[in-house]
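Novice:
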Amino acid sequence: MRRTAALVLAATALVAAGCGRTDPADRPESVASGALEAPRPIVAQGTFSRYSPGNKAISYDSSLVPAGAEAHLVVAQIVDTTTVTLSVSKLLPNRTYGAHLHTKPCGAAGDAAGPHYQHRMDPAASASPPSVNPAYANAQNEVWLDVTTDSQGDGTSKSTQMWVFSETPKSLVLHADKTQTMAGRAGTAGKRIACLTVGA
Ligand SMILES: [Cu+2]
Numbered sequence: 023m024r025r026t027a028a029l030v031l032a033a034t035a036l037v038a039a040g041c042g043r044t045d046p047a048d049r050p051e052s053v054a055s056g057a058l059e060a061p062r063p064i065v066a067q068g069t070f071s072r073y074s075p076g077n078k079a080i081s082y083d084s085s086l087v088p089a090g091a092e093a094h095l096v097v098a099q100i101v102d103t104t105t106v107t108l109s110v111s112k113l114l115p116n117r118t119y120g121a122h123l124h125t126k127p128c129g130a131a132g133d134a135a136g137p138h139y140q141h142r143m144d145p146a147a148s149a150s151p152p153s154v155n156p157a158y159a160n161a162q163n164e165v166w167l168d169v170t171t172d173s174q175g176d177g178t179s180k181s182t183q184m185w186v187f188s189e190t191p192k193s194l195v196l197h198a199d200k201t202q203t204m205a206g207r208a209g210t211a212g213k214r215i216a217c218l219t220v221g222a
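Under the working numbering, read the sequence shown as residues 23 to 222, first letter to last.
(1) Given T224, which residues of its chain have a CB within under 6 angstroms of its CB, disregarding the five upstream and five downstream residues?
(2) Using the beta-carbon count (16 or more within 10 Å), is A54 buried or exposed?
(3) Where P137 and L95 are concerned, what is the direct C-alpha to C-alpha distance, given to the nearest angstrom?
(4) Can you tell me the Cα-Cα spacing of G102 and Q140, whole angstroms?
(5) Between which two residues does the beta strand (DSSP E) carrying Q202 extend?
(6) Could you give the residue range of the beta strand (DSSP E) that holds G177?
(7) If you measure from the CB of R214, is any heavy atom of ligand 1 nearer than 8 angstroms?
(8) Let's test the definition: count the other Cβ atoms within 10 Å of the Cβ of V37 and tell me whether it reaches 16, buried, or not, exposed.
(9) In angstroms, rounded to a whole number, what distance separates the CA positions of D172 and C217?
(10) Considering only DSSP beta bridges, list what A93 is partnered with.
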């Protein structure tokens, strides 16, 4: 009994509850208790290869994203802040790739991934043409993860946002070029050359 009680105390922050079980309904500040547990990050990873049904990491251009290249994405949302980290490996060396979170899952062609996730949606935008207004298509309102590889073809990037997703993005898209910021082209980054599905 004493050992059990000690384990419970060690494993939780509910020291004040003392011995005995704590019914969640009895906790006056269940929101505060919940905040002690960081939500589990969303993780997506894959090794790129040509499209086939069910493939979660698709290369649409093997000259820029060779088969065997890898991507690893972590989305951590804590309170009202989101941090997204991308690691890539075995891409072309010393090259910048555009990268963003998109709203739909990957498919047979790059278009399947839909538009960029936007925190405040551009009311003038649709899937085609996409939002290219810098007031909405910017690195604070979308998740941009442009990544530059080293001499080994490896690289990392990170984006921190002061908001959390109202709907989880469904894909990470790698583009051929660096992301543009000028009016009329903001958020564009050339061809969609690879896609990693996020979530189921
Ligand atoms: Cu994109």
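Quick reminder that beta carbons are idealized off the backbone N, C-alpha and C, glycines included. Computed from a prediction, not measured in an experiment: that's the story for all the values here.
Specialist: In brief:
(1) Outside the shown range of the chain, which is 23 to 222, sits residue 224, and nothing can be said about it.
(2) In the sequence shown, the residue the question calls residue 54 occupies position 32. Low confidence applies here, because A54 scores a pLDDT of 47, under 50, leaving its location unreliable; read the following figure in that light. Exposed is the call here.
(3) Walking along the sequence shown from the start, residue 137 turns up at place 115. Walking along the sequence shown from the start, residue 95 turns up at place 73. Each residue's Cα considered, the two are about 19 angstroms apart.
(4) Along the sequence shown, one-based indexing puts residue 102 at 80. Along the sequence shown, one-based indexing puts residue 140 at 118. According to the sequence as given, residue 102 is Asp; it is not Gly. Going from the Cα of D102 to the Cα of Q140 covers about 16 angstroms.
(5) On the sequence shown, residue 202 is found 180 positions in, with the first residue counted as 1. It is not in any beta strand (DSSP E) - Q202 carries neither H nor E in the DSSP assignment.
(6) Position 155 of the sequence shown, counted from the start, is the residue given in the question as residue 177. Looking at the DSSP string, the run of the beta strand (DSSP E) that includes G177 is G177 to Q183.
(7) As a working note, residue 214 is residue 192 in the sequence shown. Yes, since a heavy atom of ligand 1 falls inside the 8 angstroms radius drawn around the Cβ of R214.
(8) Numbered from 1 along the sequence shown, position 15 holds the residue referred to as residue 37. Note that V37 scores 36 on pLDDT, short of 50, meaning its location in the model is unreliable and no value can be drawn from it.
(9) Here residue 172 corresponds to residue number 150 of the sequence shown, with the count starting at 1. Here residue 217 corresponds to residue number 195 of the sequence shown, with the count starting at 1. Taking the straight line from one Cα to the other gives about 21 angstroms.
(10) To locate residue 93, count along the sequence shown from 1; it is residue 71. A93 is bridged to G68 and V110.
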